[in-house]
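Participant:
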Ligand SMILES: Nc1ncnc2c1ncn2[C@@H]1O[C@H](COP(=O)(O)OP(=O)(O)OP(=O)(O)O)[C@@H](O)[C@H]1O
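Residue numbers (this note's numbering): -4 to 216.
1) Unbroken alpha helix (DSSP H) runs of length 4 or more, entirely within the segment 24 to 83: which are they?
2) Just tell me which of 112, 184 and 165 has its CA closest to the CA of residue 73.
3) Let's see if you can read the secondary structure: which residues bound the alpha helix (DSSP H) around residue 133?
4) Roughly how many angstroms separate the alpha carbons of residue 141 and residue 91, rounded to a whole number?
5) Answer yes or no: the CB of residue 82 versus the heavy atoms of ligand 1, is any distance below 7 Å?
6) Mind reading off the beta-carbon distance from residue 181 to residue 145? Whole number of angstroms is fine, and I expect it under 8 Å.
7) Could you tell me whether any non-hydrogen atom of ligand 1 is closer than 7 Å to the CB of residue 194?
8) In terms of residues, what are the limits of the alpha helix (DSSP H) holding residue 175?
9) Would you give the residue range spanned by the alpha helix (DSSP H) that residue 137 belongs to?
10) Is residue 123 helix, strand or coil by DSSP?
11) Does DSSP put residue 88 in a helix, a strand or coil?
12) Between which two residues does the alpha helix (DSSP H) holding residue 211 run?
13) Tell me which residue opens and which closes the alpha helix (DSSP H) that residue 158 is part of.
14) Sort out for me which residues DSSP pairs residue 108 with in a bridge.
15) Starting from residue 189, trace the beta strand (DSSP E) both ways and give me its first and last residue.
16) With 16 as the cutoff for other CB atoms within 10 Å, does residue 98 come out buried or exposed?
17) I'd like to know whether the C-beta atoms of residue 174 and residue 35 end up nearer to each other than 8 Å.
18) Using a Cβ distance threshold of 8 Å, determine whether the segment 68 to 87 contacts the segment 147 to 166, with at least three qualifying pairs required.
19) Excluding sequence positions up to five away, which residues of its chain have a Cβ less than 6 Å from the Cβ of residue 64?
20) Measure the CB-CB distance between residue 207 and residue 29 and report whether it falls below 8 Å.
As structure tokens, then:
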């Protein structure tokens, strides 16, 4: 998948942690990553932007791995974790990536470890990913929560994508085809913990935010 459509964020919050939780279980029970998926153009960026604005000091990014060389001004561990091709492919073989892709001869990916690092910093990682990434997260021990953002209809999704003015006719068609797959997958009861239909933006935002915040527990178990 194009990494341009991959966004990973993390959130600071004051966790609800029971006294009996050991430090090692805190990461998997208190700082649970949140996976937000849904067809391109459903409004994920729009809603996440609002969420981050409402919690201004709370959100950050998880860091992707890449085999490309750092550009001037880029720092290892800040923009990317810069790794060798050998190390990258080794991690691929070990199933260490949630998503990875190749562009212009370089590899890019989001590792399971990078998401765990966010929890180590006592932040919640929000992963904005596509269906294949969702399935991959389920194969890990990240103990994530899954939210699917659905469009009111495919017709409205097409209108929004056209309205955004970012697509060619070809990329639009590709996104609509992929949307059908995502919507099919979302019908499986075990696919997601929460489905929000983005019809009225205000209503969808409140529903998404309330589920994410979870009365201040952010899904802590
Ligand atoms: N409830 C809504 N009603 C009307 N328009 C909306 C609504 N939600 C989002 N939009 C518009 O739909 C377009 C697509 O939204 P956005 O870019 O947030 O989607 P996305 O899911 O992040 O897409 P991608 O995965 O391709 O980045 C934007 O122009 C946005 O302003």
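Glycine included, each C-beta is placed from N, C-alpha and C at the ideal position.
Facilitator: Put simply:
1) 39 to 49
2) Mapped onto the chain shown, residue 73 falls at position 78. Closest option to residue 73, Cα to Cα, is 112.
3) Translated into the one-based positions of the chain shown, residue 133 becomes position 138. Counting along the chain, the alpha helix (DSSP H) containing residue 133 begins and ends at 126 to 133.
4) As a position in the chain shown, residue 141 is number 146, starting the count at 1. As a position in the chain shown, residue 91 is number 96, starting the count at 1. Roughly 20 Å separates the two Cα atoms.
5) Here residue 82 refers to the residue found at position 87 of the chain shown. No, ligand 1 has no heavy atom inside 7 Å of this Cβ.
6) For this step, residue 181 is matched to residue 186 along the chain shown. For this step, residue 145 is matched to residue 150 along the chain shown. Contact flag correct, Cβ pair sits at about 7 Å.
7) On the chain shown, residue 194 is found 199 positions in, with the first residue counted as 1. Correct: residue 194 has its Cβ closer than 7 Å to ligand 1.
8) Along the chain shown, one-based indexing puts residue 175 at 180. Where residue 175 is concerned, the enclosing alpha helix (DSSP H) stretches over 164 to 181.
9) The residue given as residue 137 occupies position 142 in the chain shown. Neither: residue 137 is in no alpha helix (DSSP H) and is coded neither H nor E.
10) Residue numbering aside, residue 123 sits at position 128 when the chain shown is read from its first letter. The answer is strand: DSSP assigns residue 123 an E or B state.
11) Along the chain shown, one-based indexing puts residue 88 at 93. In the structure shown, residue 88 sits in a helix (DSSP, three-state: H, G or I).
12) Here residue 211 corresponds to residue number 216 of the chain shown, with the count starting at 1. Neither: residue 211 is in no alpha helix (DSSP H) and is coded neither H nor E.
13) As a working mapping, residue 158 is identified with position 163 in the chain shown. Unbroken alpha helix (DSSP H) run through residue 158: 149 to 159.
14) Indexing the chain shown from 1 puts residue 108 at position 113. Looking at the DSSP assignment, residue 108 forms no beta bridge with any residue, so it has no partner.
15) As a working mapping, residue 189 is identified with position 194 in the chain shown. Run containing residue 189: 189 to 192, per the beta strand (DSSP E) assignment.
16) One-based indexing of the chain shown puts residue 98 at position 103. With fewer than 16 other Cβ atoms within 10 Å, it is exposed.
17) Locating residue 174 in the chain shown gives position 179, where the first residue counts as 1. Locating residue 35 in the chain shown gives position 40, where the first residue counts as 1. Yes, the pair counts as a contact, with Cβ atoms nearer than the cut-off.
18) no
19) By 1-based counting over the chain shown, the position of residue 64 is 69. Closer than 6 Å at the Cβ level, and outside the excluded window around residue 64, lies no residue.
20) Taking the first residue of the chain shown as 1, we reach residue 207 at position 212. Taking the first residue of the chain shown as 1, we reach residue 29 at position 34. In contact: residue 207 and residue 29 (Cβ atoms closer than 8 Å).
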